[in-house]
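Accompanying notes for the structure given below.
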Amino acid sequence: MDLQTRTMATVAEILEQYLDPATEGQPWAVSWSGGKDSTAVLVLVCRAIQMLKPQQRTRWVNVIMSDTKIENPILEDYMRRQVRTLNRWSRQNNIPIAAEIVSRKAKRSFWVGIIGWGWTLPTNGDDRYCTHALKIEPQNARLSEINPCLQLIGSRTEESTRRATTIDKYREERGSRFSVSPYTDGRRLYMPIVDYTTDEVWQILLNPLPWGPSDEIRRLYKDATGECALINPGGSVKATQACGARFGCWVCPPITKDRSTENMSNVYEWMKPLTEWRQLLKDVHNPKKNPQLRSGYRRNRTPMGPGKGCLAIHARKHLLERLLQTQADVNRLRELDDNPLHRVPIELISQEEVDMIQAAWAEDAAKRPWLIDNREMEPGDFERAEKLLAEKAEIRKGKREEKKKLLAEKAFPAVTI
């Protein structure tokens, strides 16, 4: 099936769902990150609604974008301008679509947690708390108010093996483009482009967006990946696939090497301080490089051992000082940028967050002196901590072995002769 036929079939399916009398009048929600996949979904939704007569456009579509407050500055600026452009276009063309940006409250921000309370950095796993706290929770809070009958997302099986596994796990049935949200109580999800390839997504975005030009999103990915065959026809197939790369939070701790920000810093000089501060954050939290910067305790005074536990207060203070200096350096370099849009000062951390961080230090110093530095550790604390951790490791190992045994018995049940 050629792409035009395929996209028309997808648009027809979107129309079928939009006009479904069983859910007439109930709103939809589209999760929009500003990236290529969610943008492609939004393009198809807009095209579908444009095909309807004004009297048929009775279902409201809420487009929700989560701002983590630590987004790549180039992407964040793009996101905000896209929301304004989309809303202006929908009003002018009588399209029942409204986009908005949601975010977490300052007291629960990434900076207040990491620099204020000394939390350890999130890791790359299923329990990556930053994704839930900064993106999913604010979005779900707004979704609970809207109560959509259908939430449209840009998930695709080709993104990664892990993503494909998750998609298959929650599908309503094998091969279906519908699934159930794992984060809410039974909300129905619709994945219109779940089986599209990266190249097909980019082919959709080669055309102008219904609400404006598409060249900027292609340029964003080009700057983030270093090369892109869809923008540079002389590129290789490998370069085309590079356009599937992800970019978002400039300070993202779980990834080992932030190629998108590093590539962008080669284009935009003012982004270099961001890559330097991100490396500082990783070094400060590296127990092998700087074990003395950890308190050795959890917040409830449970001993954890050398190079473990919450970040000591003096280390948190150093991070804030360097972050504020980074913000000043970035804005100084932005003044020299050729693009007028980039000369506007940006805010990496708000004054409200700075005040909350300093209040957190004061509270910890007064109520939890063991978090000031690691000198509070008594000689026997580390030994007890290591022993406790070893015991817990043995318990986990035993549970894993028991689980393997049960799975083996289930797969190969004993046969009675």
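Just remember that the numbering used here sits 71 ahead of the position in the sequence shown, which is counted from 1. We treat Cβ as the ideally placed atom computed from N, Cα and C, and that holds for glycine.
Check this for me: beta carbons of residue i and residue j, under 9 Å apart or not?
i	j	result
Trp182	Ile384	no
Trp33	Arg387	It is not possible to answer for residue 33, since the shown part of the chain is limited to 72 through 488.
Trp282	Thr397	no
Phe100	Asn133	Per the sequence shown, the amino acid found at residue 100 is Ala instead of Phe. It is a contact, given that the beta carbons lie within the stated cut-off.
Leu291	Glu340	no
Leu390	Ile120	no
Pro377	Thr194	no
Val251	Gly257	yes
Asn158	Arg128	no
Glu95	Arg130	yes
Gly225	Ser102	yes
His356	Leu382	yes
Val173	Arg213	yes
Pro219	Pro92	no
Leu276	Arg289	yes
Pro209	Ser137	yes
Arg77	Tyr267	yes
Met342	Lys178	no
Leu223	Val82	no
Thr237	Pro253	yes
Arg372	Trp188	no
Pro416	Asn402	yes
Leu345	Ser336	yes
Leu351	Arg393	yes
Leu280	Thr110	yes
So for residue i, helix, strand or coil by DSSP?
i	result
Val265	coil
Leu113	helix
Cys320	strand
Arg439	coil
Tyr89	helix
Tyr292	helix
Arg179	helix
Leu477	helix
Arg77	helix
Leu260	strand
Leu123	coil
Arg467	helix
Lys140	coil
Leu192	coil
Arg24	There is simply no residue 24 to check, as the chain begins at 72 and stops at 488 in what is shown.
Arg118	helix
Arg414	helix
Leu276	helix
Taking the continuous beta strand (DSSP E) assigned at residue i, which residues delimit it?
i	result
Val509	This structure cannot speak to residue 509, because the chain is shown only from 72 to 488.
Glu171	168–173
Val251	249–251
Leu223	221–223
What residue does the alpha helix (DSSP H) around residue i start on, and which one ends it?
i	result
Ala100	Taken as a continuous stretch (DSSP letters only), Ala100 belongs to no alpha helix (DSSP H), being part of the beta strand (DSSP E) at 99–102.
Ala212	208–217
Ser285	Run containing Ser285: none; DSSP gives neither H nor E here.
Tyr149	144–163
Trp348	343–355
Ala204	No alpha helix (DSSP H) holds Ala204; DSSP gives it neither H nor E.
Lys388	384–405
Ser331	330–338
Assuming residue i and residue j are in contact, meaning their beta carbons sit under 8 Å apart, how far apart are those beta carbons, in whole angstroms?
i	j	result
Asp294	Val322	About 18 Å; that fails the 8 Å criterion.
Tyr149	Glu287	6 Å
Asp108	Val272	6 Å
Asn445	Arg365	7 Å
Pro379	Gly367	For the record, residue 379 in the displayed sequence is Lys; it is not Pro. Confirmed, about 6 Å.
Thr269	Glu229	6 Å
Leu205	Arg175	6 Å
Glu424	Ser180	6 Å
Cys51	Ile207	This structure cannot speak to residue 51, because the chain is shown only from 72 to 488.
Leu115	Pro263	6 Å
Gln88	Leu221	7 Å
Looking at the C-beta of residue i, does it have a partner C-beta in chain B at a distance below 9 Å?
i	result
Lys360	In the structure shown, chain B cannot be found, because there is only a single protein chain.
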